[in-house]
Amino acid sequence: METGKVVVERVGGKSTVTRCFSKYPLKIIVPNKVGPSQTDAVWIYTITYGGGIVSGDSISCYISVGDSCTAVLTTQSSTKVYKSVGSKCSEQILEATVGQNALLVIIPDPVTCFSTAKYSQMQIFRVFPESSLLIVDWITSGRHERGEKWDFSLYKSINHIFLEGNEPLFLDTILLEQESQGSIAERLQDYQVIAMIVLWGPKLKFIQNQIQEDVKKMMSQQFRIPSINSGHFANTRSDHCSPKPNFIASCSVFGPKGIGLVVRIASMTTESVYSFLRHQLASMEPLVGVSPYC
């Protein structure tokens, strides 16, 4: 059963929330306006009572973004997942439909799972060829001030995008689970943040091109070292020849004619991911009213 529902439709020539419903443990806040008055975008904030997701919580939310509308779904802070009681797994499910020439932007703060937490989330999006969609999905290693680094029991994140109803366009699952052969911390070593950015549609094509160029330049610099003999930069293929990079990113296209882009990130600090998101998504301000992650 849904614990939240938001419907955005075009009313009087502007994107307008025509229906908004939420119940415990979810609360939905829709400010009157975010950014300049001439910007046609609705901002939707989701929060949970108690400041986080408690063991056994089950949250299900549906969002409909009508034709030619723009909506932004975000959070007020990181999504905290409290420790698991027994074998209970907390879960969140988001289903969204994005209409023709519409834009849906999902820009939450990261998920932070406490020690022993078990958390699963699924996000399902249905789009059209002329829809535009941005998804940011990321997780930190935990509460560093308490010495918790990848100390949770389970984290699973599923993102599925379907084109015109039921044609699979993008199917992705991230699973982090403690195993007898090795802990999550052992496998991820010094990296404290895992992130994924998915961009789809004509309204975000200019950002896709920008990110691809920037990531290419960043990684070219990361994986080159000065040549001792020439003083110039030379490629390195051996791990012991260069320090471990603090920030790693990769890009790959998907969908018809490469209209979609997925960016994957591993970083040693949360701040560097925030900085990357601020810089790469700054050009979205005219679309949504303010620059994401300011």
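The numbering used here puts the sequence shown at residues 885 to 1178. Just so you know, even glycine gets a beta-carbon here, dropped at the ideal spot from N, CA and C.
Contacts around residue i, its chain only, beta-carbon distance under 7 angstroms, and the 5 residues preceding and following it disregarded
| i | result |
| --- | --- |
| P1129 | Q1106 |
| G950 | V892, E893, R894, G983 and A986 |
| A1001 | V965, Y966, K967, S968, F1036 and S1037 |
| G935 | K964 |
Beta-carbon contacts of residue i that lie in its chain and below 6 angstroms, excluding the five residues immediately before and after
| i | result |
| --- | --- |
| I991 | T958, V1020 and P1176 |
| S1122 | Any reading at S1122 must be qualified, since the residue scores a pLDDT of 47, below 50, and its modelled position is unreliable; the value itself is stated next. Cβ within range, chain order: n/a, list empty. |
| T981 | S948 and R1010 |
| L830 | The question about residue 830 has no answer, for the chain in this structure spans 885 to 1178. |
| S1156 | F1131 |
| C953 | V892, R894, S899 and A986 |
| L1060 | Y1039 and I1068 |
| V1146 | V1082 and S1136 |
| I993 | For the sequence presented, residue 993 should be read as Asp rather than Ile. Within the same chain, D993 has close Cβ partners T959, S961 and S962. |
Per-residue DSSP class, three states only, for residue i
| i | result |
| --- | --- |
| E837 | What is shown of the chain runs 885 to 1178, which leaves residue 837 out entirely. |
| V1172 | helix |
| S1156 | helix |
| S1104 | helix |
| V989 | strand |
| F1179 | The chain is shown only over 885 to 1178; residue 1179 falls outside these bounds and no answer can be derived. |
| S1151 | strand |
| E1051 | strand |
| S906 | strand |
| S1167 | helix |
Cβ neighbours of residue i in the same chain (closer than 8 angstroms, five flanking residues each side left out)
| i | result |
| --- | --- |
| V914 | V890, V901, C904, V926, W927, I928 and Y929 |
| L1053 | V1011, I1045, F1046, L1047, W1084, F1138, G1139 and G1144 |
| E975 | D941, S942, I943, Y1003, S1004, Q1005 and M1006 |
| V1099 | A1133, S1134, C1135 and V1147 |
DSSP beta-bridge partners of residue i
| i | result |
| --- | --- |
| N1043 | Q1007 and D1056 |
| Y929 | I913 and T958 |
| Y946 | K889 and E979 |
| L1083 | L1018 and L1145 |
| T1000 | Bridge partners of T1000: none, in fact. |
| F1138 | G1144 |
| I1023 | V995 and I1078 |
| I1095 | Paired residue(s): none; I1095 is not in a bridge. |
| E1061 | L1038 |
| G1066 | E1063 |
| C965 | Residue 965 is actually Val in this sequence, not Cys. In DSSP, V965 forms a bridge with I937 and C997. |
Pairwise C-alpha distance: residue j and residue i
| i | j | result |
| --- | --- | --- |
| R1027 | G897 | 45 angstroms |
| N1093 | C1135 | 11 angstroms |
| S1064 | G1049 | 40 angstroms |
| G1173 | K917 | 9 angstroms |
| Y933 | S939 | 13 angstroms |
| T1154 | S961 | 13 angstroms |
| L1017 | F1090 | 13 angstroms |
| I1008 | E979 | 5 angstroms |
| D924 | L1171 | 7 angstroms |
| S906 | M1102 | 42 angstroms |
| L1165 | Q922 | 20 angstroms |
| A1133 | Q1096 | 10 angstroms |
| I937 | V956 | 21 angstroms |
| K972 | Q1062 | 16 angstroms |
| T1024 | I977 | 20 angstroms |
| E886 | K911 | 12 angstroms |
Contact test: residue i Cβ vs the ligand FAD heavy atom, cutoff 7 angstroms
| i | result |
| --- | --- |
| V890 | Because no ligand of any kind appears in the structure shown, any question about the ligand FAD cannot be addressed here. |
Are three or more beta carbon pairs between the region 1138-1151 and the region 1075-1090 nearer than 8 angstroms? These segments touch.
Answer yes if the region 938-946 comes into contact with the region 886-894, meaning at least three C-beta pairs across the two stretches below 8 angstroms, and no otherwise.
Yes, the region 886-894 touches the region 938-946.
Determine contact between the region 1026-1037 and the region 992-1002, defined as no fewer than three beta-carbon pairs at a distance below 8 angstroms.
Verdict: yes, contact present.
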